[in-house]
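Asker:
Number of protein chains: 2
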Amino acid sequence: MTTRRRSNCPISFTLDLIGDRWSLLILRDLVFGRARFYRQLLESGEGIATNVLAERLRRLERVGLLSKRRDPDDRKRFIYSLTPKGLDTLPILLEMILWGAKYDPRTAAPPEFVARLRKDRERVLAEVRARAEEK
Amino acid sequence: MTTRRRSNCPISFTLDLIGDRWSLLILRDLVFGRARFYRQLLESGEGIATNVLAERLRRLERVGLLSKRRDPDDRKRFIYSLTPKGLDTLPILLEMILWGAKYDPRTAAPPEFVARLRKDRERVLAEVRARAEEK
DNA sequence: TCTGTTACTTGCAAAAAACAAGTCATAAGA
DNA sequence: TCTTATGACTTGTTTTTTGCAAGTAACAGA
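First to last, the sequence lines map onto chains G and E. Under our numbering, the final residue of the first sequence carries the number 459; numbering is consecutive throughout. Under our numbering, the final residue of the second sequence carries the number 459; numbering is consecutive throughout.
In structure tokens, the structure reads:
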């Protein structure tokens, strides 16, 4: 992926950083707590290629969305976690959940979560954020 | 771009349809009323290649986010416009504006628009939606 | 020390994007 | 009505990115 910015439009800026087919899925797995290690990210569902994952992690770290540190409990692996800047993409992810759940007849989105999200967006946002932060 | 779905995750579903480097910019130009014709989309800032634009328009039409009709005032051109499904991506675009405006020091996002959006999200959403609908 | 994990890297083929040029259906002007 | 212009693309080619398979290096455990 290229890094060259295309304009000063805020949407374009956002897309230049996370507007590819994988970055937001990586952020999703970190935000919703499904993964913390390389292996988990690699195996979490959609089948990203290992070289692409490595490149994306490097990139997301470089632009400040996530950080990497050695796991003190097992020094051969690394813990990937979101920075505040990375966590701030949560509202974007939540809107994508709402849109996807609305238009995908086969969606796996839990209906009660979606209903709560629609009804009380701020509250759900705060809850997911809090859970993500304590990791 | 491929069309094959990767999973039933709503975020993944959304990204399968609009998670590339151009689709959301096209939607942006249609939502915010900067463009209605092929030429305008082609020249609106970021420099999409003509073959890529053509392919994306075909794709977005096929998945039901936009529609195409001949312009009655000049039958050699076509008017591209959003469907309700396409217009429903607006919340995603607005969150990207907020994120981009927050983290891009060179952002061109009008500060008063961003401030209003932060303060009264629902209202701005309704306004932009209303303006986009009357086209 | 040997074996297994974990996190990658490297090499190559396939797909997609960027770039340049050309086609085709209107429309507008002489 | 012939001629040129415009708008919306298509086609061919090069470059970049992705996907896939295999391999390597650091650390851990027995």
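Yeah, the Cβ is synthetic: ideal placement off N, Cα and C, and Gly gets one too.
Quick one: which chain G residues come within Cβ less than 8 Å of N332 of chain E?
Answerer: Simply D428, R430, T431, A432.
Asker: Along chain E, in chain order, which residues have C-beta atoms closer than 9 Å to that of A378 of chain G?
Answerer: None at all; the shortest Cβ gap to chain E is about 19 Å.
Asker: Thinking just about the alpha-carbon of each residue, which of G:L365, G:K443, G:R358 is nearest to the one in K459 of chain G?
Answerer: Considering only alpha carbons, the answer is G:R358.
Asker: From the DSSP secondary-structure annotation, give me the bridge partner or partners of S391 of chain E.
Answerer: Answer is E:S405, bridged to S391 of chain E.
Asker: Between which two residues does the alpha helix (DSSP H) harbouring W423 of chain G extend?
Answerer: Residues 414-427.
Asker: Less than 8 Å between the beta carbons of V355 of chain E and L411 of chain E, yes or no?
Answerer: Cβ distance < 8 Å, so V355 of chain E and L411 of chain E count as in contact.
Asker: P408 of chain G CB to nearest chain E CB: under 8 Å?
Answerer: False, the Cβ-Cβ gap to chain E never drops below 8 Å.
Asker: I416 of chain E and M420 of chain G look like a contact to me (Cβ under 8 Å); what is the Cβ gap, rounded to whole Å?
Answerer: The pair is a contact, with the Cβ atoms about 6 Å apart (cut-off 8 Å).
Asker: Where do the N-terminal and C-terminal ends of the alpha helix (DSSP H) with K443 of chain E fall, by residue?
Answerer: 435-443 is the extent of the alpha helix (DSSP H) around K443 of chain E.
Asker: Name the chain E residues that come within less than 7 Å of M419 of chain G, Cβ to Cβ?
Answerer: The question names Met, but residue 419 of chain G in the sequence shown is Glu. Residues of chain E passing the Cβ test: P415, I416, E419.
Asker: Specify the secondary structure class of S336 of chain G as computed by DSSP and reduced to three states.
Answerer: DSSP places S336 of chain G in helix when its eight states are reduced to three.
Asker: Check whether chain E comes within 8 Å of S391 of chain G, counting only Cβ atoms and requiring the distance to be less than that.
Answerer: By this cut-off, S391 of chain G is not an interface position.
Asker: Measuring straight from C-alpha to C-alpha, what distance separates P429 of chain E and L381 of chain E?
Answerer: Distance between the alpha carbons of P429 of chain E and L381 of chain E: 32 Å.
Asker: On the criterion of 16 or more Cβ atoms from any shown chain inside 10 Å, does P408 of chain G qualify as buried, or is it exposed?
Answerer: That one is exposed.
Asker: Quick one: what's got a C-beta closer than 8 Å to F402 of chain E's C-beta in the same chain, skipping five residues either side?
Answerer: Cβ neighbours of F402 of chain E beyond the five flanking positions: F361, Y362, K392, R393, R394, D395.
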